[in-house]
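S.K.: Residue numbers (this note's numbering), protein chains in the order written: chain A, 32 to 205; chain B, 1411 to 1519.
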Amino acid sequence: MAIDKIQSESINLADTFAFTGTVTGAGGLNTPYFEAYISANQTLADDTYTKLTFNTETFDSGGMYDHSTNYRFTPTTAGKYLIYFLVNYNKQAVDQFHYCETQIRKNGSGHKAYYNDFYDNYTPYAITTVGESIIDFNGSSDYVEIWGYFGVTSGTGVVSNASRSAFGGYKLIT
Amino acid sequence: MANLSTKIKMYCDANGVSEVDFMKDVMLQDDSDGNGAYIKEWNLDIAQPTDAQLSAQESAANTEEANNQVRATRKAAYGNIGDQLDEIYKDIDSWKARIKSIKDNNPKS
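1) Pull up the CB-CB distance for Phe181/A and Leu75/A, whole angstroms please, since I reckon it's below 8 Å.
2) Between which two residues does the beta strand (DSSP E) containing Gly182/A stretch?
3) For Ser1415/B, tell me which candidate among Asn1425/B, Trp1452/B, Phe1432/B has the shortest Cα-Cα distance.
4) With burial defined as no fewer than 16 other Cβ atoms inside 10 Å of the residue's Cβ, what is the status of Lys1417/B: buried or exposed?
5) How would you label Ser1428/B, buried or exposed, when you count the other beta carbons within 10 angstroms and need 16 or more for buried?
6) Closer than 7 Å by beta-carbon distance: list the chain B residues that pair up with Asp173/A, in chain order.
7) May I have the straight-line CA-CA distance separating Asp151/A from Phe128/A, to the nearest angstrom?
8) Got a sec: which bits of the region 76-87 of chain A sit with their beta carbon under 8 Å from any beta carbon on chain B, in order along the chain?
9) Just checking: is the beta-carbon of Tyr96/A within a distance shorter than 8 Å of some beta-carbon in chain B?
10) Just how far apart, CA to CA, sit Asp1440/B and Ala193/A?
11) Counting beta carbon pairs with one atom in the region 143-150 of chain A and one in the region 72-92 of chain A, are three or more of them shorter than 8 Å?
12) Which chain A residues are close to Leu1438/B, counting only those with a beta carbon under 7 Å from its beta carbon?
13) Suppose contacts are defined by Cβ-Cβ distances below 8 Å. Is Met1411/B in contact with Ala1470/B by that definition?
14) Counting only beta-carbon separations shorter than 8 Å, does Ser99/A have a partner in chain B?
15) At 7 Å on the CB atoms, spell out the chain A contacts of Lys1485/B, in chain order.
16) Interface residues of chain B around Tyr31/A at Cβ under 9 Å?
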């Protein structure tokens, strides 16, 4: 028989409780959650904000990440989510890396921007940007995407694939 | 095909604007929907170029990108500035000959 009331003076807080049944109505779940990566190097045109195409899902607990068309996460459960990314910019050449920026965009507008500028030194070959932010979602229309920007002295650069890329998030228990 | 950013730099230079900040003056965007890059915002005082005006810059932009590649190749071949100073101190004529060789082997268009 399930108990429906516990009197505080009946619990010794120093005791250890080893539940074998199911506890419901307590705590919360970090769902929905998702994580995706880029399956093949994505080429970025010089000085152009480009939506990054995280097209392969590692997790997608609620089927709320669009990995084939819009590359965006649109949770249908309202609340606060931790959104994160890992993006590696690779010029694949020396002395041509000028600057790069990764943006978290909510509903198409910039939410957070992570900017690296090497001025006129151009010294990096490749660098990784990592960022995260807590974002409030309305549970219906709100969505997030990751955008990249690569300034190079010549040609194009790439955003690296596989384990050097990630876009993910999960609901916070509040 | 040249980058849209390079064609815009060529267009702006031809119209009296020598520097373009692509995070402020002109913002380019690629929605990754297969349609390529486009001008999202134009905040310069000169008129936004038409597609035809940008196409007219294709040749100059290709030359500029090729020359940028040459500049990068030369820079890498020149080597570290500190090493070059040491090279100059020891034998300036030898250094000049090496630099000339790099330039000759990597000509600009």
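Quick reminder that beta carbons are idealized off the backbone N, C-alpha and C, glycines included.
The structure presented is a predicted model; accordingly, all values stated were derived computationally and were not measured.
M.R.: Answer, in terms of the structure:
1) Contact annotation, Phe181/A with Leu75/A: C-beta distance approximately 4 Å; criterion of less than 8 Å satisfied.
2) Under the DSSP assignment, Gly182/A falls in the beta strand (DSSP E) whose first and last residues are 175-183.
3) Residue Phe1432/B holds the alpha-carbon nearest to the alpha-carbon of Ser1415/B among Asn1425/B, Trp1452/B, Phe1432/B.
4) Buried is the call here.
5) exposed
6) Correct list: empty, because the minimum Cβ distance to chain B is about 19 Å.
7) 9 Å
8) Across the region 76-87 of chain A, CB contacts with chain B closer than 8 Å involve Ala76, Asp77, Asp78, Thr79, Tyr80, Thr81, Lys82, Leu83, Thr84, in sequence order along the chain.
9) no
10) 22 Å
11) no
12) Asp78, Thr79, Tyr80
13) no
14) Under the Cβ distance rule, Ser99/A does not count among the residues neighbouring chain B, no pair being separated by less than 8 Å.
15) Asp126
16) This structure cannot settle anything about residue 31/A, because the visible part of chain A is limited to 32 through 205.
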